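Enquirer: Handing you a structure now.
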Amino acid sequence: MPAANHRPALAHLNRADPILAGLIRRIGPYRMELRRSGTHYDALVRSIVFQQLSGKAAGTIHRRFCELFPGKRPRAQDVASSSDDRLRSAGLSRQKLAYVRDLSARVAEGSLPLAHLGRLADEAIIEHLVQVKGIGRWTAQMFLMFRLGRPDVLPELDLGVQAAIQRAYGLRVRPTPREVVRIGTPWHPYASVASWYLWRSLEE
């Protein structure tokens, strides 16, 4: 959800969950930034590159990868036709190279259309994207939140969300994904906003 449209979400969350309301008071204004530049394909490539890496290291690899292509804008067709050696020169691991190749081949051949994603429901988008090697439910949820700006995504598999809930709610152990879903029930239809505040709470 874009930050400019946050007022109804904050009003709902403050009413629905006193613990989350306390986080909102401490953290202050909602400032989620969406990644609108480039295409959906660009955003998915970026998400694959950034998996399980620090932001700085992933950013360097992603920049080098983009620099391999005209205008620093890789297209699915160009990536699919590039050699492994060329793509790995950017710093991609063999595993991530396989993931980027699978995504690129599907987009290039038309078996994974992306232009229509904005018209689909959240779960339909997740089902569409997890066909790709290396794109699981978590990656698809990040796409929903930070690319499409969907307001009601609860990334129950996210370790940061789990850790923030454990701390904020005084749990003895980190909650399971099922427990995250249960605890987050009152946050709907603004679970994305709640998740953003949980992530920020870990920085306090």
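Its first residue numbered 1, the sequence shown is counted upward by one per residue in the working numbering.
Ideal placement from N, C-alpha and C gives every residue a C-beta, glycine not left out.
Computed from a prediction, not measured in an experiment: that's the story for all the values here.
Specify the secondary structure class of residue 179 as computed by DSSP and reduced to three states.
Expert: DSSP, read as helix, strand or coil, puts residue 179 in helix.
Enquirer: Under 8 Å by Cβ, that's how I've got residue 190 and residue 24 pegged, so tell me the actual separation to the nearest angstrom.
Expert: Actually they are not in contact, since the Cβ atoms of residue 190 and residue 24 sit about 11 Å apart, beyond 8 Å.
Enquirer: If you draw a straight line from the alpha carbon of residue 101 to that of residue 60, how long is it in whole angstroms?
Expert: Using only the alpha carbons, I get a separation of about 19 Å.
Enquirer: Would you call the region 165-177 in contact with the region 5-18, where contact means no fewer than 3 C-beta pairs closer than 8 Å?
Expert: no
Enquirer: Leaving out the 5 sequence neighbours to the left and right, which residues in its chain are closer than 7 Å to residue 188 when beta-carbon positions are compared?
Expert: 152
Enquirer: Using a Cβ-Cβ cutoff of less than 6 Å, which residues in the same chain neighbour residue 139 once the five nearest sequence positions on both sides are dropped?
Expert: 47
Enquirer: Considering only C-alpha positions, which residue in the set 55, 18, 118 and 157 is nearest to residue 137?
Expert: 157
Enquirer: Suppose the cutoff is 6 Å on Cβ atoms and the five residues either side in sequence are ignored; what does the same chain contact list for residue 99 look like?
Expert: 48, 133 and 134
Enquirer: Tell me whether the beta-carbon of residue 163 lies closer than 7 Å to the beta-carbon of residue 19.
Expert: no
Enquirer: Could you tell me which whole beta strand (DSSP E) segments of length 3 or greater appear in the region 47-135?
Expert: none
Enquirer: Could you pull out every residue in the same chain whose Cβ sits closer than 7 Å to the Cβ of residue 181, ignoring the five residues on either side in sequence?
Expert: 154 and 156
Enquirer: Residue 104 and residue 121 look like a contact to me (Cβ under 8 Å); what is the Cβ gap, rounded to whole Å?
Expert: Actually they do not touch by this definition, with Cβ atoms about 26 Å apart.
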